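*Asks:* In the working numbering, the protein residues as written are 1 to 281.
Glycine included, every Cβ here is placed at the ideal spot set by N, Cα and C.
All values reported here derive from a predicted model rather than from experimental measurement.
Handing you this structure, nothing more for now.
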Amino acid sequence: MVTHDGEISVVAVRRPEVKNALDSRTMSELKAAFEAIARDDTVKGAILTSYDGALAGADINELISLSTVELCEGICITAAAVHASISGCPKPVVAAVDGPVLGGGAEISMACHARVVGKSLLLGQPEVNLGIIPGNGGTQRLPRLIGLEKALDLMRTGRPVGAAEACQWGWATGEPAVDFVGAAKDLLRQHFAGKVKLAPVDPKPMEVPARLPAVDLGMRSLSIDAILVDVVRRGLAMPLPEGLKLEAQGFGRCKKTVDMDIGLKNFVQNGPRVPAAFLHE
């Protein structure tokens with residue numbers, strides 16, 4: 001999982017059979033890897049990537065197995081600790097991603113100090129299509145990165161965007177690159193030389209307007225959307241750590257709905273192209 005190019009460590013997820021889904025074991029291995037990088041005096045910076053650049057998100061079967069509100073909150077709290085090992089790393093960490101970077105894959109990328117993307121990037125927070133909200137930092141970091149209006153549109157509709165938009169909006173640094181890992185190394189070396197400064201997402205509270213832009217939800221769950229909007233609105237008014245705790249509680253609230261069960265089972269049985277028949281309960 002970890003290789004080295006001089007003073008740069010490259011941490012690569014390799015689970016091709018499930019499109020690099022981030023299950024509990026993988027997340028634990030990532031946390032251990034970044035904790036080791038933090039302690040290693042020979043390492044000045046790190047890259048988070050995968051064998052092909054894609055990071056497809058959480059393991060859906062693990063989500064289905066969460067039988068209680070407490071377990072739902074717990075998996076988010078565990079993920080937050082993994083992300084803290086990245087965002088709080090004393091060495092800069094750059095995500096180098098391409099292809100599908102969805103859900104938890106997008107969220108762990110946002111825990112890095114910067115993101116460099118390939119030209120085939122497909123970025124999204126599609127959780128609403130599964131009857132859940134982003135539970136690994138998406139509701140709090142995405143608005144801080146690209147602004148509230150764009151972030152809410154992506155999270156409430158689940159629609160993906162490409163590399164050009166990700167760069168234009170500030171989700172990623174620079175331009176889409178063919179050699180995105182090489183571009184990430186170049187960015188780190190610019191940081192080492194003092195030419196750029198890489199830092200995690202600003203944790204300060206954000207101002208949230210009283211009225212939010214209207215969004216066409218289509219057939220998506222109204223009950224899940226209400227939880228999502230509430231978590232975003234209240235969480236952004238707090239410093240990031242408190243917002244993440246609120247997000248975990250919001251993910252737990254999804255378990256109390258009928259639509260979470262409907263959405264996850266529909267995804268497993270029918271795949272992502274068939275909309276779930278939500279009951280809005």
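Closer than 8 Å is the cut-off here; do at least three beta carbon pairs connect the region 20-27 with the region 51-60?
*Replies:* Judged by Cβ distances under 8 Å, the region 20-27 makes contact with the region 51-60, as three or more pairs qualify.
*Asks:* Out of P203, E62, K91 and G138, state which residue places its alpha-carbon closest to the alpha-carbon of I37.
*Replies:* Closest option to I37, Cα to Cα, is K91.
*Asks:* Short of 8 Å in beta carbon distance, which residues of its chain neighbour C167, apart from the five on each side in sequence? Order them along the chain.
*Replies:* Closer than 8 Å at Cβ, skipping near neighbours: V117, T173, G174, E175 and P176.
*Asks:* If you run the structure through DSSP and keep just helix, strand and coil, what is G194?
*Replies:* Of the three classes helix, strand and coil, the one that applies to G194 here is coil, per DSSP.
*Asks:* Under a three-way DSSP split, which group does V208 fall into?
*Replies:* Looking at V208 - three-state DSSP - the assignment turns out to be coil, as it is neither helix nor strand.
*Asks:* Hey, how far is the Cα of A95 from the Cα of I47?
*Replies:* About 6 Å.
*Asks:* With DSSP run on the structure shown, which of helix, strand or coil describes G74?
*Replies:* In this structure, G74 counts as helix in the three-state DSSP scheme.
*Asks:* So, are the CB atoms of G250 and D225 less than 8 Å apart?
*Replies:* No, these two residues do not count as a Cβ contact at 8 Å.
*Asks:* Please state the DSSP three-state secondary structure of A177.
*Replies:* It is a strand residue.
*Asks:* So who's on the other strand from D5, going by DSSP bridges?
*Replies:* Note: D5 sits in a beta bridge opposite I8.
*Asks:* Counting along the chain, where does the beta strand (DSSP E) carrying A114 start and finish?
*Replies:* Start and end: A114 to V117.
*Asks:* How is the beta strand (DSSP E) around A95 delimited, first residue to last?
*Replies:* V93 to V97 is the extent of the beta strand (DSSP E) around A95.
*Asks:* I'd like to know whether the C-beta atoms of L228 and R156 end up nearer to each other than 8 Å.
*Replies:* Yes, these two residues count as a Cβ contact at 8 Å.
*Asks:* Are G99 and L122 touching if we call contact CB-CB under 8 Å?
*Replies:* In this structure, L122 lies closer than 8 Å to G99 by Cβ.
*Asks:* Are G263 and I132 close, meaning C-beta to C-beta below 8 Å?
*Replies:* Closer than 8 Å, so yes.
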